[in-house]
Amino acid sequence: MVSIAMHPAAHSCVLLLSLPIILSFISVVSGQASFSQQPVDSTVVEGGEVILYCAVDNLEVTPGILWTKGSSNVPLGLSRDMPGYPRYNIVGNATSEANLRIENAQLEDDDVYRCQVPGLRSEEATLTVQVPPDPPSIDNYENGTLITIDPPSTITLTCRANNARPQATITWLKNDGPVLYIMPVTAVEASGDPLGKKQNLVSTLTLNPEKEDNGVEYKCVVEHPALVMPHFVNVVLNVRFPPGPPLITGYQQGLAVRQGDMVTLDCASRGGNPLAEVYWWKNGVQMDHSYITDGAGARNTLPITVGYSDNKAVYRCQVSSRVLPQPLTAQVQFTVFFPPAYVNITGHEQMVNTGATLTLHCKSANSNPSASISWYTGGQQVSTSPDVVVAAPNGGFITSQNLTVTMTAQMNSVDYMCQATNLELYEYANAVATVSVMYPPQIPVISGYEEGREVKAGNLLRLTCIAVGGNPLATLTWQKNGVDLEGSYGTSGQLATNELPLILEQTDNKANYSCRASNEATPEPLVAQVSLDVLFPPERVFVTAEPAECRDGDRVVVKCKTASSNPASELSWWKDGVPVDGGAAVTESSDNSGYSTSSELVVEKVLSSDNGQVFLCRAKNELIVEAVNDGLIMNVRFKPQISVADKMTINTKEGPGLKILNCTSKGNPEELTYVWHQNDVPIVLDGNTRFTLNDAGSLFVHNASRTEVGNYMCLVSNDEGNSNITAILDVQYSPIISTGDQIVINRHSISELVCEADANPKPDSFITWTRDGFDLSAHQMEYSEGKALLRILNVSKADGGLYTCSADNGIAPAFTKNIQVVVQFVPEIDRTVANKVAQSIGQTAVLRCRAEGAPVVRFKWFQGAAQVNLTSDHYTFDTRQDLTYSNRYESRLYIGPVNELFDYGTYVCKAYNNLGETTFSVQLEKTSEPEAPFGLRVEKITHDSVRLSWKAGFDGGRPQTFQVRFNQKGNQQYQYVDVIPTEETTYTVTNLNPSTDYEFTVRGRNDLGTGAYFLGIVSASTEVAPSQPVVPSPSGILVGNIPLYLFLLVTFLSLLSCVFLNLFLICCLVKRRTSKKKNLAKKSDIKLKEIETVHSDEGSATVTETLDSMSHRDQSEYSKDPYSDDERSYDDHRYGNQQYDDYSYQTYSDQYDDDRQPIATSRREPGSSYHNAGYRPPSYAPSWDSFAQTPSILTDQISEDQEERNYADKLRRKQAQLTTGPSSAKQFDYTSSVTPSPVPSSLGNFVQLTKARPTASQAGSEEGFLV
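Start counting the sequence shown at 19; every next residue gets the next number (my numbering).
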């Protein structure tokens, strides 16, 4: 026989091509089948589920029902799972039904289907996939849009329902009712989908809205069988139309009203969209800008207090709207009666001479009707001419009348009254005019000054002009040298006066003052005049220097000249308040009939000290006490002169405060430029918060610090040159240690720890080394300028740790810094870590390797001689660092799922750094019953109890409990007691007999079996009972307080029931295995599930959460191991909520933090085969400190029968062989058949150094983790 190997895909292709031939052949050799149910046309909404039913009688004689799809009858496959179609599968009774179920139906499923068996084919069944349309939309309008229309415009509404199968239906509604008399136009368009099965429906509605359509809602309703309820989109019409004409109420045209009456005009306009705007106008001028609306119209109310201006006034109401081409108007015209407001008399404004004739004219204001005028004088009415009436341009009538009178000599003044009366209203207005006769005054007289009298400038002089008589009284005016002056004019009886007050000035000397009197009766003014003789000092003195600008050593002439004075002035010279001799005085005539005096002062050689000195010239008049001064400030130019001492030292302390470096200077020009230098570098002041400069050039040092120490120079300059001084700023400051946080030294070497600090001052030995808990006197200490040296002659590991460097120079605060001293040495393996790990097949095992070393310790793992391939998803590796002792590291190798053929065995961990390497071996085994405990001893003895303690043996990778066996010495009848809490390794056996010798031993148990007893027997003798009545010993042997025979009976019955139960389970197991082996040849893909079924039917104990534990560990420097977690507790139902520990006794607390950054971030180090990255399964928290999980569950019955345990072990091995396959040479598949449980989150207080993302095959399991 020739065997041909083919690719699996080729097998599938050949099977598919050969399928019709095979089916035809089978139909010939088999009995003919018939349909009991054929598929029918069906409909499904996209995304839903549909079943096409097909049932065949005698299905067992056929190889299966084949479904085909499409007109070309594409076969979907014979497998009920239809692997090529993930949404298709066959459901129903496998013996007679092959119903095609399609989940999450898609448009591509819209097709024809058939089911067939050899020789028999069903009718075609069409599956229609209904696709609901997209939300409807109206072109150019969003849902709910308000559409504004001006009739007779036309509007087109186009509604779309796109991408539907089958096409949707569109219905138009008007205010939720049918649209009458308008037929929409409907069209179907292609949607453009790839399959060409969707359709777009378009419906167009054309409208010619009228004003009755205002506010109407048009709704496009889309219906489709795939929609639960119709969808719709709507718009609302806003049809605009004009408002009604205005209507005015509140006044009747032609009706007269009185001035002051209140009239309220109201104008209203009804309807319109939008509503009208209503405004009032008066005689073409708009009156207001406000109106009100009430939904049905608009109105404007205008209250009016009637005045004379309203007579004949036109009030117009104007209605406007954006839809009106022109405003609509209505108007009323007022008729108003009103009296004249006043009368006006003219013609009496001028005085008249005696015998002259005068005409007075009286004119009334507007009146309606016209007024009548009357004249009165002396209380009697006089005859006049007729009234003259004319219409007023602004309404009403104006009445006027003249009165002619002749003035006589006896008349001085006469009053005439004109009265205008409105005879309709009986109201009037009047006015009075006074007519006067005029004559001239007498010649005026000046008083207050006598000719020839001398007066002093600056004194007050009052000149008064008086004129007697005249009608009207005389008008008096003053003039000075022909120029008018303002005086104080007044009258009293027949006198007119004008007073002129004068503050005498030098211009008044020899000045002519005249007074002029006049009225309408004087053809020329009447004049009186006087001339003044005024004494005055010079107004000022003029002092100048030649040259105006000088330098040190120049010759300067200072000149002085007075202004005019009367009489001439005398001159004197002063220098800074001290009199000096000057040149001879010269006098000459000057202004205002006065005299000017001049003199010179010569300075042969000026000095810089003369700069700013005042040279004063004083002018004094002998006849008057006042003197006039003027001075000149000498301007001598020189370079800056600094008044501060050079090379001064300024001391200060570092910290808040202000220190001033003074640079007071003077120079001419005074514009001085200050530039400060620090250590020969100019100080930049812009934006500088440490230094500021005031206007005097002083440098302000803010919050002086050590950076401000140094030499400072102030450079001052002006246009004449520059000068400078220097100063030293000495800032005393507290120490700052500059040594780093870590110092690395080598083991067995002579090393020096140097601590360096910056400070001012630096006294001797202000830096010291200390270490908490250590005496450093054995080491050599030295101090030099700013440095403290600690010399260690022979470095050991104990020299590594935290040291403190302190610096104190007497200026607070002192500085203290903790410095980590790292001693480098070859990695040293922690042998307290378990060298044995057990884990079940298919679970994840964790191997741990802990080492101490510096520099950083790295790890490699080997299985045999080969390095573990960490690029494989089967292995994951990470490294963690102790947070308290940074030179301690732990590496963890995750193996999972565990394979029996390849994974069990010895693994070697290599810990290495730059100084060397060390190895550590870890054995990975199958889970098994526990090993024997060790270290059993008696802790305490009383008269009726013995307290025992022991150390747990390797737990076989499963949580274990303990059982204590004891007996009286020499008696082979044993008593057994289970230790509770289950994780305890101490127990007190009670109810013992006093003064009796007992033998004790202990063993461990887990869900895989019972382990061996402690190797050896521990004996103990109970103490003598305390003095009390003696209780007789029982005649029989007791187990606790239970008679031995009763205990043996219960034990026998329990064992017997277990035997019968196991026999029954084994029979069921054999029967099921026989049946499943037949199906295994047909359906290899369900082998894994059958194995799980065998597991579930064995009746062996099931563990939901298990954990490999480490083998026994000796007492070490670690207490309850912070790196591991064996804190499992059994099911609360049986054992209570108790937890295991890992049996350590010393106190040690590692501090690790998963939030710390990893040492390395890459999965593989460049250029190396070492992998420094690890994987943490995603189902557990980042801290290794949280490994305590829900207790594992053990079966309530743990068999003690060794034969039963051996049988179960053999059965598990057979199952493992089925899992791995018949051929041991076949490449191992790492996919586990057991779904891993979540990985515990606490394997110790380690921080993960590197993390790699897990793959699907790396789902975490708490089984197999090294604890």
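The beta carbon of each residue, even a glycine, is placed where N, CA and C say it ideally should be. Note that the coordinates shown come from a computational prediction; the quantities given were computed from them, not determined experimentally.
Around the C-beta of Met652, 16 or more other C-beta atoms lie within 10 Å, and the residue is accordingly described as buried.
Taking Tyr333 as reference, the option from Phe356, Ile322, Leu919, Val341 with the minimal CA-CA separation is Ile322. Taking C-beta atoms as the reference points, Lys579 and Ser616 count as a pair closer than 7 Å. Between the alpha carbons of Tyr394 and His379 lies a distance of about 13 Å. For Ser608, the secondary structure class from DSSP, reduced to helix, strand or coil, is coil. When rounded, the separation of the alpha-carbon atoms in Val1077 and Phe1070 is 11 Å. By the neighbour-count criterion, in which a residue is buried when 16 or more other Cβ atoms sit within 10 angstroms of its Cβ, Leu70 is buried.
Taking 8 Å as the upper bound for CB-CB distance, Tyr912 and Thr894 are in contact here, some 4 Å apart. For Met280, the enclosing beta strand (DSSP E) begins and ends at 280-288. Of the other Cβ atoms in all chains shown, fewer than 16 fall within 10 Å of the Cβ of Lys1089; this residue is therefore exposed.
In this structure, Tyr326 keeps its C-beta atom at 7 Å or more from the C-beta atom of Ala447.
A straight line joining the alpha-carbon of Asn420 with that of Ala383 spans about 16 Å. The stretch 760-769 and the stretch 711-719 do not touch, with fewer than 3 CB-CB distances between them shorter than 8 Å. Secondary-structure assignment with DSSP links Lys684 through a beta bridge to Gln659.
Ranking Lys684, Val561, Ser607 by CA distance to the CA of Leu650 puts Val561 first. For Cys823, the enclosing beta strand (DSSP E) stretches over residues 819-825. Assigned with DSSP and collapsed to three states, Cys1085 falls in helix. Inter-segment contact for the stretch 78-98 and the stretch 119-139 is present: three or more beta-carbon pairs are separated by less than 8 Å.
Contact annotation, Val916 with Ser858: C-beta distance approximately 7 Å; criterion of less than 8 Å satisfied. Glu947 carries a coil assignment under DSSP once its states are collapsed to helix, strand and coil. When Cys285, Ala409, Ala244 are compared, the shortest CA-CA separation from Thr319 is found for Cys285. Secondary structure of Asn853 (DSSP, three-state): coil.
Beta-carbon to beta-carbon, Val453 and Val370 are separated by about 7 Å, close enough to satisfy the 8 Å threshold. Between Ser1013 and Val1042, the gap from beta carbon to beta carbon is short of 7 Å.
DSSP places Asn448 inside the beta strand (DSSP E), whose first and last residues are 445-454. The count of Cβ pairs closer than 8 Å, one atom from the stretch 802-810 and one from the stretch 770-786, reaches three, so the stretches are in contact. Residue pairing for Ser741: DSSP places it in a beta bridge opposite Val734. By the criterion of at least three beta-carbon pairs nearer than 8 Å, the stretch 481-501 is not in contact with the stretch 561-570. Contact between Val350 and Gln271 holds, since their C-beta atoms are separated by about 5 Å, short of 8 Å. For the pair of segments examined, the stretch 200-214 was found not to touch the stretch 253-272: the number of CB pairs separated by less than 8 Å stays below three. Distance from the Cα of Gln56 is smallest, within the candidate group Thr86, Glu142, Lys87, for Glu142.
If you draw a straight line from the Cα of Ala314 to the Cα of Leu175, it comes to about 29 Å. Counted as a single uninterrupted DSSP element, the beta strand (DSSP E) harbouring Val109 occupies residues 106-109.
In the pairwise beta carbon analysis, the stretch 968-976 is classified as not touching the stretch 888-906: fewer than three pairs are separated by under 8 Å. Your pair Val643 and Cys681 does not check out as a contact, with CB atoms roughly 49 Å apart and the cut at 8 Å. The beta carbon of Leu346 sits closer than 7 Å to those of Pro263, Pro264, Val337, all from its chain and outside the five residues before and after it, given in chain order.
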